[in-house]
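**Q**
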């Protein structure tokens, strides 16, 4: 009941009977479908097929759900030092991640302000300036325009009409948390600290240094499904007995609980996490000063829209869901350990084993999300129903997507 009370209110579409007073048209059926998703879980429908197979709906979600919130695009570990730069394509937007001279990580549009040329094509170290390969306009690592060769004619590197202060690289709002690089593309999302406050409070014991596991702890999975299906599957434990029988043999369905924070995240937790050990009894060190709960507890959260987190007493991970296309998703997986694991080659084999175990678990989900993607082409499927007891985290995500889209429709409708 408390969860329902916190759900967003359905849109008031009493006046939308076709064309409104402003001459703008509202799709009443689309509004009603979104309202059905946001109903209490006992009566709710899931997001309709169009949210998984229709290019126009994909474009609307791109703007409202992925560009209008704090979405993950990369990892801080990939640009650890001053001058490190990595280009990223985020849903067609060319971006550039850079570590500036002060150690601050910044994200820019990866285009020269002169003629729109791509600045950096491959990850590399920038030792001087970011130089455009077309006409050699040069930018500092903080994005400021520093040099415009011959802009006023041969040998004339300035011109009164070209104000360098107004022609720096276009920076994107960005923050780094748990080594994940988050961006807000449209610049209109709430402050990052506000958006993450509930999760930061929940996991405040894990607010301590951690180190990436290295090459063996980093991998990618390409999956033929819409990105949302990966979120939906990750945040619930209902499927464990049938999809993950090995995991369910010791971390059973009945050992799990829901995690629900309306408008922010949802997921699951387990009460019986089992620490990994090798034949000699060697294990990973714990994060410092954890409470007793984490001796056997672990949590797995989908932070809306596209970042999946997991925390345990001795390691953590993050998964970035890259929406490569309407029905294609690339999962970028990075595993992290307590800072005390730095420079511990004697545990390398154990790290490799841990990564292999997690990769196996994630691969077990592929047939499920790909099967649901195929199922969304059924002309008779109506979005499905939710178990009022088992599907709460998934319903919460659907309701959030529906709310984001509904809000944008209301804005467009004036």
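Residue numbers (my numbering): 1300 to 1713. The C-beta atom is built at its ideal place from N, Cα and C for all residues, glycine as well.
Would you check if the distance between the CB atom of residue 1711 and the CB atom of residue 1333 is smaller than 7 Å?
**A** It is not a contact, given that the beta carbons lie outside the stated cut-off.
**Q** Which class does residue 1491 belong to by DSSP, given the choice of helix, strand or coil?
**A** Residue 1491 falls in the helix class under three-state DSSP.
**Q** Grab the span of the beta strand (DSSP E) containing residue 1694 for me, first residue to last.
**A** Here residue 1694 belongs to no beta strand (DSSP E); instead the alpha helix (DSSP H) covers 1691 to 1712.
**Q** Which word fits residue 1685, buried or exposed, when buried means at least 16 other C-beta atoms lie within 10 angstroms of its C-beta?
**A** Residue 1685 is buried by the Cβ-count criterion.
**Q** Could you check where the beta strand (DSSP E) with residue 1480 kicks off and where it finishes?
**A** Run containing residue 1480: 1479 to 1483, per the beta strand (DSSP E) assignment.
**Q** Alpha carbon to alpha carbon, how far is residue 1431 from residue 1443?
**A** Their backbone Cα atoms lie some 13 Å apart in a straight line.
**Q** Pull up the distance between the alpha-carbon of residue 1468 and that of residue 1336, whole angstroms please.
**A** Between residue 1468 and residue 1336, the C-alpha separation is close to 41 Å.
**Q** Below 7 Å between beta carbons: does that hold for residue 1516 and residue 1650?
**A** Yes, the Cβ-Cβ distance between residue 1516 and residue 1650 is below 7 Å.
**Q** Am I right that residue 1654 and residue 1518 are in contact with their C-beta atoms under 8 Å? What's the rounded C-beta distance?
**A** The pair is a contact, with the Cβ atoms about 7 Å apart (cut-off 8 Å).
**Q** With 16 as the cutoff for other CB atoms within 10 Å, does residue 1656 come out buried or exposed?
**A** Flag for residue 1656 reads exposed.
**Q** Using three-state DSSP, classify residue 1321 as helix, strand or coil.
**A** Reliability of the predicted coordinates at residue 1321 is poor, the pLDDT of 34 falling under 50, and the value obtained from them is presented with this limitation in mind. Residue state, collapsed to three classes: coil.
**Q** Would you kindly work out how many angstroms separate the C-alpha atoms of residue 1388 and residue 1394, rounded to a whole number?
**A** For residue 1388 and residue 1394, the distance between alpha carbons rounds to 6 Å.
**Q** Here's the rule: buried if 16 or more other CB atoms are within 10 angstroms of the residue's CB, otherwise exposed. What is residue 1638?
**A** By the neighbour-count rule (16 or more Cβ atoms within 10 Å), residue 1638 is not buried but exposed.
**Q** Taking 6 Å as the line, does the beta carbon of residue 1501 fall inside it for any heavy atom of the ligand NAD?
**A** The ligand NAD is absent from the structure shown, which contains no ligand whatsoever.
**Q** State the DSSP-derived secondary structure class of residue 1595, mapped to helix, strand or coil.
**A** The answer is coil: DSSP assigns residue 1595 none of H, G, I, E or B.
**Q** List the residues that DSSP assigns as beta-bridge partners of residue 1424.
**A** Per DSSP, 1383.
**Q** Helix, strand or coil for residue 1436 per DSSP?
**A** Three-state DSSP puts residue 1436 in coil, outside helix and strand.
**Q** Take residue 1696 and list the residues in its own chain whose beta-carbon comes closer than 7 Å to its own, dropping the five residues that flank it on each side.
**A** Result list for residue 1696: 1530, 1531, 1534, 1565, 1601, 1603, in chain order.
**Q** Excluding sequence positions up to five away, which residues of its chain have a Cβ less than 6 Å from the Cβ of residue 1599?
**A** Around residue 1599: 1566, 1567, 1609.
**Q** Could you name the residues that DSSP lists as bridge partners for residue 1388?
**A** Answer is 1393.
**Q** Counting beta carbon pairs with one atom in the stretch 1406 to 1424 and one in the stretch 1457 to 1472, are three or more of them shorter than 8 Å?
**A** Output reads yes: the stretch 1406 to 1424 touches the stretch 1457 to 1472.
**Q** From what residue to what residue does the alpha helix (DSSP H) around residue 1354 run?
**A** Where residue 1354 is concerned, the enclosing alpha helix (DSSP H) stretches over 1354 to 1360.
**Q** Are residue 1376 and residue 1506 closer than 7 Å when you measure CB to CB?
**A** No.
**Q** Tell me the residue span of the alpha helix (DSSP H) that contains residue 1680.
**A** Here residue 1680 belongs to no alpha helix (DSSP H), and DSSP marks it neither H nor E.
**Q** Taking all protein chains shown into account, decide if residue 1666 is buried (16 or more other Cβ within 10 angstroms of its Cβ) or exposed.
**A** Counting Cβ neighbours within 10 Å, residue 1666 comes out exposed, since fewer than 16 surround it.
**Q** Let me know the secondary structure DSSP gives residue 1460 once reduced to three states.
**A** In the structure shown, residue 1460 sits in coil (DSSP, three-state: anything other than H, G, I, E or B).
**Q** Alpha carbon to alpha carbon, how far is residue 1607 from residue 1502?
**A** Cα to Cα, the separation comes out at about 14 Å.
**Q** Do the CB positions of residue 1629 and residue 1521 come within less than 7 Å of each other?
**A** Their beta carbons are under 7 Å apart, which means residue 1629 touches residue 1521 by this criterion.
**Q** Can you check whether the CB of residue 1364 is closer than 7 Å to the CB of residue 1627?
**A** Cβ distance not < 7 Å, so residue 1627 and residue 1364 don't count as in contact.
**Q** Whose CA, out of 1677, 1481, 1360, lies closest to the CA of residue 1618?
**A** If we check each option's Cα against that of residue 1618, 1481 comes out closest.
**Q** Mapping DSSP to helix, strand and coil, what is residue 1465?
**A** DSSP places residue 1465 in helix when its eight states are reduced to three.
**Q** Shortest alpha-carbon distance to residue 1370 belongs to which of 1636, 1348, 1476, 1683?
**A** The shortest Cα separation from residue 1370 among 1636, 1348, 1476, 1683 belongs to 1476.
**Q** Would you report the Cα separation of residue 1307 and residue 1508, rounded to the nearest angstrom?
**A** No answer about residue 1307 holds up, because its pLDDT of 39 lies below 50 and its placement is not dependable.
**Q** If we call anything under 7 Å between Cβ atoms a contact, is residue 1571 one with residue 1554?
**A** A contact, by the Cβ cut-off of 7 Å.
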